[in-house]
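Enquirer: I'd like to ask you about the structure that follows.
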């Protein structure tokens with residue numbers, strides 16, 4: 003068995019955290035996690051706190067990582083506009099790859115986490131199902147710039163790359179700006195605390211359109227598959243649970259998971275209506291003996307507004323992954339049930 007060393011970039015996010023959890027179940031991997039927050043060493047995993055926007059800090063902190071064989075890049079810096087996202091997110095990837103490449107003589111593969119922004123899904127109605135062969139759209143788009151950089155760099159350096167394109171990723175992570183499961187879980191728990199029915203807060207059209215999700219555990223397994231199967235070298239893959247749904251059918255199922263009734267949808271900005279709920283959250287933490295989690299760490303309301311505002315179909319064709327050998331799937335309503343059960347076990351939301 004050939005031993006490998008993974009460098010997971012964005013280790014505390016929902017994608018990076020679940021990827022590390024999966025790697026810990028595999029016997030042939032050592033793991034190094036990079037994030038601004040760092041982390042405590044745990045078994046085969048050690049963490050490094052680093053400012054990836056600082057090229058000098060990145061080179062200094064990564065100078066000893068000579069055994070890295072695979073980079074799994076899932077870091078993200080949020081900015082107010084699409085154009086402003088490009089420079090920091092491209093710079094972080096460049097800094098990591100070039101600092102690692104300089105010291106890791108056996109670097110084999112760089113895995114890039116993307117999303118449906120590649121297809122213009124964030125801009126408005128886009129071609130569905132989206133396919134990996136679809137043409138790029140008018141820039142700015144940092145996902146495309148990142149892939150362009152990897153393609154050129156890999157051809158010169160001799161390692162391979164892969165790009166994973168999940169839909170909305172659902173799993174456990176705190177302090178993450180893009181965590182829909184946390185949005186729904188906290189929103190539902192607060193609705194129950196206030197003795198309110200669960201209302202869909204998005205645009206009216208969004209309640210009836212087709213959408214899909216990607217379980218973070220499924221994505222982790224697909225990421226390792228794509229990074230280690232030679233057939234997947236220098237390829238991009240859409241990774242999804244495998245089923246489609248409409249919120250008008252999923253929302254009552256989610257309400258039932260919290261023993262809540264459903265009332266008709268009411269379009270509202272969660273970022274606005276939940277802005278004054280920190281005091282309520284703190285009362286809930288004390289009343290239900292929850293883990294002492296700051297409100298800002300469970301609040302991804304802006305992202306919730308973004309997802310619930312998609313009043314157009316939002317899905318991709320994931321058959322390429324199956325043709326290349328990845329056949330796993332997850333039932334999305336079961337995924338939500340498992341995630342909320344995990345939140346309760348962690349004492350993030352009440353029983």
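In the working numbering, the protein residues as written are 3 to 353.
Virtual Cβ for every residue (Gly too), placed ideally from N, Cα, C.
1. Taking DSSP as the reference, what is the three-state secondary structure of residue 75?
2. Give the range of the alpha helix (DSSP H) segment to which residue 119 is assigned.
3. Apply the 10 Å Cβ neighbour rule to residue 5 and answer buried if 16 or more other Cβ atoms are within range, or exposed otherwise.
4. Name the DSSP beta bridge partners of residue 5, please?
5. Could you check what DSSP says for residue 31 in three-state terms: helix, strand or coil?
6. Closest by CA to residue 115, which one among 101, 145, 96?
7. Out of curiosity, what's the CA-to-CA distance linking residue 228 and residue 239?
8. What are the uninterrupted segments assigned as beta strand (DSSP E) that are 3 or more residues long and contained completely in the segment 219-304, given in chain order?
9. Note down, in chain order, each residue of its chain lying with its Cβ closer than 7 Å to the Cβ of residue 48, except the 5 sequence neighbours on either side.
10. Looking only at its chain, what residues have a beta carbon closer than 6 Å to the beta carbon of residue 132, apart from the 5 residues adjacent to it on each side?
11. Which ranges would you report for the beta strand (DSSP E) in the segment 105-187 if only whole runs of at least 3 residues count?
12. Mind checking whether residue 300 and residue 184 have CB atoms under 9 Å apart?
13. Mapping DSSP to helix, strand and coil, what is residue 308?
14. Taking the C-alpha atoms as reference points, what is the distance between residue 206 and residue 241?
Expert: Let me spell this out:
1. The residue you call residue 75 lines up with position 73 of the chain shown. In this structure, residue 75 counts as strand in the three-state DSSP scheme.
2. On the chain shown, position 117 is the one that residue 119 refers to. No alpha helix (DSSP H) holds residue 119; DSSP gives it neither H nor E.
3. In the chain shown, residue 5 corresponds to position 3, counting from 1. Looking at its Cβ environment, which holds fewer than 16 other Cβ atoms inside 10 Å, residue 5 is exposed.
4. Here residue 5 is taken as the residue at index 3 of the chain shown, counted from 1. According to DSSP, residue 5 bridges with nothing at all.
5. Working through the chain shown from its first residue, we reach residue 31 at position 29. Residue 31: strand per DSSP, three-state reduction.
6. For the purposes of this step, residue 115 is identified with residue 113 of the chain shown, where counting begins at 1. Closest option to residue 115, Cα to Cα, is 145.
7. Translated into positions along the chain shown, residue 228 becomes position 226. Translated into positions along the chain shown, residue 239 becomes position 237. Roughly 8 Å between the two C-alpha positions.
8. 237-241
9. Mapped onto the chain shown, residue 48 falls at position 46. The answer, listed in chain order, is 34.
10. Here the question's residue 132 lines up with position 130 in the chain shown. So the list reads 121, 318, once near-sequence residues are dropped.
11. 111-115, 162-168, 170-172
12. Taking the chain shown and counting its residues from 1, the one referred to as residue 300 is at position 298. Taking the chain shown and counting its residues from 1, the one referred to as residue 184 is at position 182. Yes, the pair counts as a contact, with Cβ atoms nearer than the cut-off.
13. For the purposes of this step, residue 308 is identified with residue 306 of the chain shown, where counting begins at 1. Helix at residue 308.
14. Position 204 of the chain shown, counted from the start, is the residue given in the question as residue 206. Position 239 of the chain shown, counted from the start, is the residue given in the question as residue 241. Rounded to the nearest angstrom, the two C-alpha atoms are 27 Å apart.
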